[in-house]
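J.:
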Amino acid sequence: MVQTTIFTATYNRSHSISQTISSVLKQSNRDFEYWILDDGSTDETEHRVRPFLVDARVKYFKLGHHGQAETLNWGLEHCRSEYVGFVDSDDELLPDHVSTLVGVLNADPSLDFVLGSFIVVSPEKKQVLRVADYFHPKKTIPVSKIECVLGILFGKRRRFLDAGGFVGDFLDIRLFDVMKKKGFKWKKVLSPTYRYFFGRFDDSLSLELTGQRGSSKQIEKRTL
């Protein structure tokens, strides 16, 4: 049994999924499996994924359309690895993502999870993008100051389940908040290992939910 499973929950991201998969498979630590959880895509996602299945680490699951939270919870419940990590299907892992975060957990078995760091990539390079502050909804903060995005959560699978798994649209920061409040032991990793593409596509779920499709300046991205 492998020690780590990386999950990508995806819905109609055929135009970016190949780059995401490639970034996962370029990890310096190769001791992991990679589960692509297709949340009922109707585009060319499966066609884009097929060539990568020659790598035994890659597993593709075509599921019904239930949303990102339920799709990720299905993965947590069905895999058997000790550690789990995540990458959105329009983001990328830097080459030492798995190696760095697994290394921190292995060095201190008392840790329940680690929170990595990310690099923001935005098409609007000349503007300081701001998003709603999860803890103070009437305020905004720079994207670079977001406390948690899904791809930098990494830890013991059992503890993610103990915290109740993912719920709702702002599933990553909510779960991170729950795990802290439950007293889980964690550590912040300051070296960036995740490339976070903010506002990469105009059809992100968050833009639809807030009625701001076409503008990526005021809300937090929640694409699959």
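Residue numbers are given in UniProt numbering: position 50 of the sequence shown equals residue 50, and the series is strictly consecutive.
For glycine and all other residues, C-beta sits at the position ideal for the given N, C-alpha and C.
Model, not experiment: these values are computed from the prediction.
(1) Within this structure, are the beta carbons of residue 156 and residue 88 separated by less than 9 Å?
(2) Report the rounded CA-to-CA distance for residue 130 versus residue 174, giving the unit in angstroms.
(3) Do the segment 89-96 and the segment 161-171 make contact, defined as three or more Cβ pairs closer than 8 Å?
(4) Taking only beta-carbon atoms, is residue 24 less than 9 Å away from chain D?
(5) Could you tell me the alpha carbon to alpha carbon distance between residue 64 and residue 52, rounded to whole angstroms?
(6) Classify residue 42 as buried or exposed, calling it buried when 16 or more other Cβ atoms lie within 10 Å of its own Cβ.
(7) Here's the rule: buried if 16 or more other CB atoms are within 10 angstroms of the residue's CB, otherwise exposed. What is residue 36?
(8) From residue 116 to residue 47, what distance separates their C-alpha atoms?
(9) What are the boundary residues of the beta strand (DSSP E) that residue 33 is part of?
(10) Output needed for residue 183: all residues of its chain with C-beta closer than 8 Å, excluding positions within five of it in sequence on either side, in chain order.
(11) Would the beta-carbon of residue 21 fall within 9 Å of that of residue 49?
(12) Considering only residues of the same chain and omitting the five flanking positions on each side of residue 211, which have a CB-CB separation below 8 Å?
T.: Let's see:
(1) no
(2) 19 Å
(3) no
(4) No chain D appears in the structure shown, which is made up of a single protein chain.
(5) 22 Å
(6) exposed
(7) buried
(8) 31 Å
(9) 33-38
(10) none
(11) yes
(12) Residue confidence is low: residue 211 scores 38 on pLDDT, short of 50, so the model does not pin down where it sits. Its coordinate-derived value is still stated next. Within the same chain, residue 211 has no close Cβ partners at all.
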